[in-house]
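A.B. asks: In our numbering, the protein residues as written are 88 to 375. Have a look at the structure that comes next, please.
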C-alpha cells in the first residue's frame, strides 16, 4: 500500500567541494512523500529479470551426436530391446524436459516505472538519506576529489549513488574506481539503483533549480595515523627477520670456530710429544 506524509520535505545541501549549505526545499511535484511498496517491488523485479541472459540450454535425444546404430539385435540376447545409445536413460544420452533457452524480460508500463522511481526517491528523502550538491564541475577526472566530498558529507562507509545533470564524463571517471560508489545521469536512474544505495547525492540542476555559489571553506588536513601502514609493518618484519638470521649465523660461526680450535690443540700436543720421544730415543742410541 502507498504511504503518504507531509509533502513539505527538506534535504541537506553541500557544495561540490564539501562545504555545508543551508537545507533546501525539495520540489513538491516530485517529493510529495508517497511511497508505494508494491510498485517498487514490481519495478525492481522486472529490472533484475531483464539483466538475465537465459543461456541455459540442453540437448534432447534428437540433437545428441551418434546413436544411429541399434546397440544389439532385437531378440536372442536376453537383454532389453534398445534402439539407440542416445536414449535419455543411457549415459551420454539426451536430456528430457531440460532448459532450451528462456527469455526473462518483463515489460513494465512507463507510468508504473515513473511512480516506482518517485516512491524510491521519496523513501530516501524521508530517511534523510538524500543530499543535494550545487554542481559537479570537474575540469579533469579526480578520484581524490570525490573521496574528499564523500568524507565531508560523512558517507565514506556507505553505498553512494551520485546523480548528475546529464552525462558528465569527468565525474563518471572520478567515481568509477570506487567500489561502493556509482555515478550516472539523473535521467537514467532506475528504482533498483536508488534502493541499492544507502545515500543519494543529486545535483541541484537535475532537480530543476540552481543554488547560488558560495565560497568554499578550507578543510583541516587529516592527522596522520599513528599506526604504521601495512607496507611499513612488512618492511619492519623483514628487517627483524634478517637481523635474527645474521645473529644466528654469527653464533653458529663462533661455535664452529671454537670447536675447530679445541680439536686443533690436541693434535699440536701430539706432534710435540712425538718430537720429544724421537729426541730421547736418539740420545739413548748415542749413549749406547
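Don't be surprised by glycine CBs; every beta carbon is placed ideally from N, CA and C.
Would residue 151 and residue 166 qualify as a contact pair, given that the criterion is a beta-carbon distance under 8 Å?
C.D. replies: No, the Cβ-Cβ distance between residue 151 and residue 166 is not below 8 Å.
A.B. asks: Of all the options 205, 219, 337, which has the alpha carbon lying nearest to the alpha carbon of residue 281?
C.D. replies: Here the closest residue by C-alpha is 205.
A.B. asks: Pull the bridge partners of residue 101 from the DSSP assignment, please.
C.D. replies: For residue 101, which the question treats as bridged, DSSP gives the partners 107, 220.
A.B. asks: With distances taken between CB atoms, is the gap from residue 102 to residue 303 smaller than 8 Å?
C.D. replies: Yes.
A.B. asks: Do you know whose CA, among 265, 345, 153, lies nearest residue 247's CA?
C.D. replies: Closest by alpha carbon: 265.
A.B. asks: What residue range does the alpha helix (DSSP H) around residue 272 cover?
C.D. replies: Taken as a continuous stretch (DSSP letters only), residue 272 belongs to no alpha helix (DSSP H), being part of the beta strand (DSSP E) at 268 to 272.
A.B. asks: Give the DSSP bridge partners of residue 249, in chain order.
C.D. replies: For residue 249, which the question treats as bridged, DSSP gives the partners 270, 288.
A.B. asks: If you draw a straight line from the C-alpha of residue 312 to the C-alpha of residue 117, how long is it?
C.D. replies: Note that residue 312 has pLDDT 48, beneath the 50 cutoff, so the model's placement of it is unreliable and the number below is only indicative. In a straight line, the C-alpha of residue 312 is about 44 Å away from that of residue 117.
A.B. asks: Which residues in the same chain as residue 185 place their Cβ atom closer than 7 Å to its Cβ, once the five residues preceding and following it in sequence are excluded?
C.D. replies: Once the five neighbours on either side are set aside, the close Cβ partners of residue 185 are 145.
A.B. asks: Suppose the cutoff is 7 Å on Cβ atoms and the five residues either side in sequence are ignored; what does the same chain contact list for residue 240 look like?
C.D. replies: Contacts found: 101, 105, 218.
A.B. asks: Which term fits residue 249, buried or exposed, when burial requires 16 or more other beta carbons within 10 angstroms of its beta carbon?
C.D. replies: So residue 249 ends up on the buried side.
A.B. asks: Mapping DSSP to helix, strand and coil, what is residue 209?
C.D. replies: It is helical.
A.B. asks: Spatial neighbours of residue 190 within its chain, please: CB distance less than 8 Å, with the 5 preceding and 5 following residues excluded, ordered by chain position.
C.D. replies: Same-chain partners within the cutoff: 141.
A.B. asks: Enumerate in chain order the residues of its own chain whose CB-to-CB distance from residue 216 is below 7 Å, with the five nearest sequence positions on each side excluded.
C.D. replies: Excluding positions up to five away in sequence, the list reads 285, 286, 287.
A.B. asks: Three Cβ pairs or more, each shorter than 8 Å: is that satisfied between the region 195 to 211 and the region 220 to 230?
C.D. replies: Not touching, per the Cβ criterion.
A.B. asks: Using DSSP with H/G/I as helix, E/B as strand and the rest coil, what is residue 296?
C.D. replies: It is coil, neither helix nor strand.
A.B. asks: Please state whether DSSP places residue 225 in a helix, a strand or coil.
C.D. replies: Looking at residue 225 - three-state DSSP - the assignment turns out to be coil, as it is neither helix nor strand.
A.B. asks: Are the CB atoms of residue 126 and residue 220 within a distance shorter than 8 Å?
C.D. replies: No, Cβ-Cβ distance for residue 220 and residue 126 is not below 8 Å.
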